Amino acid sequence: MMADGGQMHPSEFIPGPDTSRAFRNALGCFATGVTVVTIDSADGPMGFAANSFAAVSLDPALVLWSPAKSSSRFAHYSAAMHYAIHVLPHSARDMLARFTRSGAGFSGLSYQRNPEGVPLLDNAVARFDCRQHATHDGGDHQIIVGRVLRAAVNGGQALIFHQGQYGQFSPLD
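For the sequence shown, the numbering used here assigns the number 405 to the initial residue and increments by one for each residue that follows.
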C-alpha cells in the first residue's frame with residue numbers, strides 16, 4: 405500500500421538497496437547511444453565508455469555525461485578541464501571494448517589530438533570537443549556539464565544500448 409493509502413500497481417516498486425536490480429532493469433528500458441569520453445592526463449591519454457550522455461542546451465551549446473564515482477579513473481575525469489565525447493558507430497564494438505574496465509585503452513591505437521591536447525578517436529558518428537562548464541553531485545555518479553567548443557558529424561548509424569544489449573536503430577515504416 406502507498407503512503408497516501410492507494411495501492412501500488414504489481415509492477416511498481418520503490419527504488420532502494422533491495423530493488424537495485426529492478427531499478428537498473430527499468431532504466432535499461434530507455435535506449436541510449438554509446439560514447440567514449442577521452443581526456444589527456446598525467447598518466448597519458450584515457451578513454452571511458454559511457455552511455456550517460458545527453459544534450460543540455462543549444463545556446464549556449466552544453467552537453468552532459470556522468471562518470472561513476474567508483475571508477476578507478478574517476479579522479480582523472482572529474483578534474484579534466486577538456487574532453488571529447490565520441491558517439492560510436494554501430495560497427496565499433498571492438499572500439500568500445502578497448503575502453504571498458506579491463507580494455508586496452510589507447511595502447512597500440514593511433515589517434516590525433518585536438519587543439520586542447522585531447523586524444524581523438526577516428527570514425528565517430530559525431531564528436532563533441534568540450535571544456536568543463538559545471539559539475540554536480542549525482543549520487544554515485546558526478547554530472548559533468550561541458551561547453552561544446554567544436555562538434556564534428558561524420559554520419560552513419562550509431563551504436564545503441566538497450567536492455568543490456570548493443571544494436572542499431574531501425575526506423576519505423
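All C-beta atoms in this analysis are idealised placements derived from N, C-alpha and C, irrespective of residue type, glycine included.
A quick note: this is a predicted structure, and the numbers were derived from the prediction, not measured.
So, do the stretch 467-475 and the stretch 543-551 have three or more beta carbon pairs nearer to each other than 8 angstroms? yes
Which runs of the beta strand (DSSP E) spanning at least 3 residues fall entirely within the stretch 418-494, listed in chain order? 439-445, 448-454, 458-461, 466-469, 486-491
Here's the rule I'm using: 16 or more other beta-carbon atoms within 10 Å means buried, otherwise exposed. How should Tyr-487 be labelled? In the sequence shown, counting from the first residue as 1, residue 487 sits at position 83. Its Cβ being crowded by 16 or more others within 10 Å, Tyr-487 is buried.
For Thr-539, which residues in the same chain have their Cβ closer than 8 angstroms to its Cβ, ignoring the five residues on either side in sequence? Residue 539 sits at position 135 when you count from the first residue of the sequence shown. In the same chain as Thr-539, and ignoring 5 residues on each side of it, the C-beta atoms closer than 8 angstroms to its own belong to Ser-482, Gln-546, Ile-547, Ile-548, Val-549, in chain order.
With a threshold of 7 angstroms on Cβ separation, who are the neighbours of Asp-444 within its own chain once the five nearest residues in sequence on each side are excluded? Position 40 of the sequence shown, counting from 1, holds the residue named residue 444. Here the set comprises Gly-521, Val-522, Pro-523.
Can we say the stretch 432-440 touches the stretch 490-498, given the rule of at least three CB pairs closer than 8 angstroms? yes
Classify Val-557: buried if its beta carbon has 16 or more other beta carbons within 10 angstroms, exposed otherwise. By 1-based counting over the sequence shown, the position of residue 557 is 153. Counting Cβ neighbours within 10 Å, Val-557 comes out exposed, since fewer than 16 surround it.
With a threshold of 16 other CB atoms inside 10 Å of the CB of Phe-573, please say whether the residue is buried or exposed. Taking the sequence shown and counting its residues from 1, one reaches residue 573 at position 169. Phe-573 should be labelled exposed.
Am I right that Ala-472 and Phe-478 are in contact with their C-beta atoms under 8 angstroms? What's the rounded C-beta distance? Within the sequence shown, the letter at position 68 stands for residue 472. Within the sequence shown, the letter at position 74 stands for residue 478. With 8 angstroms as the limit, Ala-472 and Phe-478 qualify as a contact, their Cβ atoms being about 7 angstroms apart.
Quick check on the burial criterion: 16 or more other C-beta atoms within 10 angstroms. Buried or exposed for Met-405? As a working mapping, residue 405 is identified with position 1 in the sequence shown. At Met-405 the pLDDT is 48, less than 50, meaning the model places this residue with poor confidence; the figure from the coordinates comes in the next sentence. The residue is exposed, with fewer than 16 neighbouring Cβ atoms inside 10 Å.
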